[in-house]
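Student: Sharing a structure below in structure tokens format, with a few things to ask.
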Amino acid sequence: MNRDEVYREIEDMFGLVPSFFKEIPDASLELEWKLFKQVQFEEGAIPNKYRELIGLGISAVTKCSYCVFYHSALAKLNGATDAEIEDAVHYAKSSAGWSAYLNGMQVDYETFKDEVVRACDYVRMKRAA
1 MNRDEVYREI EDMFGLVPSF FKEIPDASLE LEWKLFKQVQ FEEGAIPNKY RELIGLGISA
61 VTKCSYCVFY HSALAKLNGA TDAEIEDAVH YAKSSAGWSA YLNGMQVDYE TFKDEVVRAC
121 DYVRMKRAA
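UniProt numbering puts the first residue of the sequence shown at 1, with every later residue one more than the last.
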């Protein structure tokens, strides 16, 4: 597909061609558009609302204001509530904090893995009872 054909597809999907697509070189525009559609919009094993909440959490941790805005808007478009958005960001904050702590303190990785497996086994056993 040439640039005009790709732009027609994009405009058909969004009602406009976002300027960030206009920055992509001709040689990779079609490929980038196909990948964008597939990853961002096609149904997958994880429903789109939850994928967008995951994207929001990652964006919050990486501090990308473009991505935070994008994934918040798409999460809402896919039915996420303000409470779900706050929960996703709070979970990302907690996870990033624990990652910083565990890595910074150089907690033994093999011990950590063993304890997580043992704790999960214990919870499974309690649930089954």
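No residue lacks a Cβ here, since even glycine has one placed at the ideal position from N, Cα and C.
(1) Would you mind sorting Arg118 into buried or exposed? The rule is 16 or more other CB atoms within 10 Å of its CB.
(2) Just verifying my parser: in three-state terms, what is the DSSP assignment at Ala100?
(3) Hey, how far is the Cα of Ser19 from the Cα of Gly57?
(4) If you reduce the DSSP assignment to three classes, tell me which class Lys22 lands in.
(5) To the nearest angstrom, report how far apart Ile10 and Gln38 are at their CA atoms.
Tutor: Quick answer:
(1) exposed
(2) helix
(3) 24 Å
(4) helix
(5) 13 Å
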